[in-house]
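For the sequence shown, the residue numbers in my numbering are 11 to 253.
Accompanying notes for the structure given below.
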Amino acid sequence: MRDEARAEACRTPAHVAIIMDGNGRWAARRGLPRLNGHKAGADAVRAVVESCPDLGIRYLTLFAFSTENWRRPREEVSGLMTLFRRYLRKESAELVAKGVRVRFIGERSRLGTGLVEMMEALERRSAANDRLFLNIAINYGGRDEMTRAARKLAQAVAEGRLEPEAVTEEHFAGFLDTGGLPDPDLVIRTSGETRISNFLLWQCAYAEYAFVEECWPDFTPDRLAEILSVFSGRERRFGAVSV
Ligand code: FPP
């Protein structure tokens, strides 16, 4: 990476990825059912998405449901799916009107057809937008994504469209769900946990990390702005030495 490009990447994180953790604990502390925590989490999503363009963020990727989250109690999983449908029903028109381009990452075949249709419709309707690129990860796992990418790559080789010796990192990245998107510069995880939990494993090779104590429903645009200002003071060397 050229020096000026590195310096620029240090100032403004173009791509912020967030692991929205702690909805359950937020609810439990208030004596509420876990789903109320997820509903409050959906409200926090709205405020953070709205704040991104003013904060200079071009790409925002949110971890909404992991490939491991199916292990939760059946009522919680179905409640989350209902919440995603409700969010899309309520927010799609406004997201499109506000210039947000929405893309979903993750494996879709396990999701209900109603939800997938709403996801695809929003992707189509927002395809020409470019004010903010919002990626929502549903039934997403980094290992699953890389396995699916490897399968597509193997298929291309088997069909003679790609020579094994010609395979580059760029080829592989292009087969990921995030193909064409820049890598995240900054990953934020709420609720005090310090794990990456199978999120964007390939893409976060050089990301900075911010682990913050508050649970996701308490996360605000002001808090995001604070984290960005800490980030802008960090030096990212991308494997090189200081300039
Ligand atoms: C993790 O908290 C959160 C989730 C598994 C769900 C994330 C979903 C939302 C924020 C709702 C809406 C999202 C969109 C995109 C509309 P947790 O339940 O694991 O919390 P805990 O660790 O305290 O139990």
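All C-beta atoms in this analysis are idealised placements derived from N, C-alpha and C, irrespective of residue type, glycine included.
Whole-number beta carbon distance between residue j and residue i, since they are thought to touch under 8 Å
i    : j    : result
V87  : L72  : Between L72 and V87 the Cβ distance is about 18 Å, and since that is not below 8 Å, they are no contact.
I237 : A220 : 5 Å
V197 : A217 : 5 Å
L90  : H25  : 25 Å between Cβ atoms; not a contact.
I146 : A74  : 5 Å
L142 : L70  : 6 Å
L121 : A159 : About 19 Å separates the two Cβ atoms, so there is no contact after all.
V58  : L144 : Actually they do not touch by this definition, with Cβ atoms about 10 Å apart.
P23  : F241 : 6 Å
W212 : G152 : 7 Å
L125 : A235 : Rounded, the Cβ-Cβ distance is 32 Å, inconsistent with contact.
C225 : N33  : 7 Å
Host alpha helix (DSSP H) of residue i (start-end)
i    : result
R134 : T123 to R135
L163 : G152 to A168
E203 : Taken as a continuous stretch (DSSP letters only), E203 belongs to no alpha helix (DSSP H), as it is neither H nor E.
E241 : The sequence shown places Phe at residue 241, not Glu. F241 -> alpha helix (DSSP H) spans P231 to S242.
F182 : E179 to F185
A176 : Where A176 is concerned, there is no enclosing alpha helix (DSSP H), given that its DSSP letter is neither H nor E.
Candidates the options, of which the one nearest residue i by Cα
i    : options                  : result
T200 : Y69, P227 and F94        : P227
R96  : A52, T123 and L238       : A52
I115 : C225, S76, G243 and I206 : S76
D193 : E179, T204, A37 and G202 : E179
I148 : N208, P83 and P63        : N208
E223 : V26, D31 and A24         : D31
T123 : A103, R141 and F94       : F94
G202 : I29, G151 and G47        : I29
K108 : R44, L125, L132 and V126 : L132
P231 : V177, N46, R44 and S61   : S61
R134 : R113, E117 and D140      : R113
S239 : L45, L210 and I67        : I67
Classification of residue i by the beta-carbon crowding that lies within 10 angstroms, buried from 16 upward
i    : result
S119 : exposed
A17  : With a pLDDT of 45 at A17, under the threshold of 50, the modelled position of this residue cannot be trusted, and the question is left open.
S136 : buried
D195 : buried
E155 : buried
E39  : Here residue 39 turns out to be Arg, not Glu, going by the sequence shown. Exposed.
D13  : Bear in mind that a pLDDT of 45 at D13, under 50, signals an unreliable position, so the number given afterwards is only what the model happens to contain. Flag for D13 reads exposed.
V110 : buried
Q165 : exposed
P83  : exposed
W36  : buried
P174 : exposed
V251 : exposed
A27  : buried
G41  : exposed
G243 : exposed
G189 : exposed
A15  : With a pLDDT of 47 at A15, under the threshold of 50, the modelled position of this residue cannot be trusted, and the question is left open.
R99  : exposed
R161 : exposed
R81  : exposed
N- and C-terminal bounds of the beta strand (DSSP E) containing residue i
i    : result
S61  : Not the beta strand (DSSP E): S61 falls in the alpha helix (DSSP H), residues R44 to L65.
V112 : V110 to I115
F221 : E218 to F221
V197 : L196 to R199
Identified DSSP bridge partners for residue i
i    : result
L93  : The partner list for L93 (beta bridge, DSSP) is empty, contrary to what the question assumes.
N145 : T71 and R113
I28  : L72 and I198
C-beta neighbour in chain D for residue i, strict 9 Å
i    : result
R205 : Within the model displayed, chain D is absent; a lone protein chain is all it includes.
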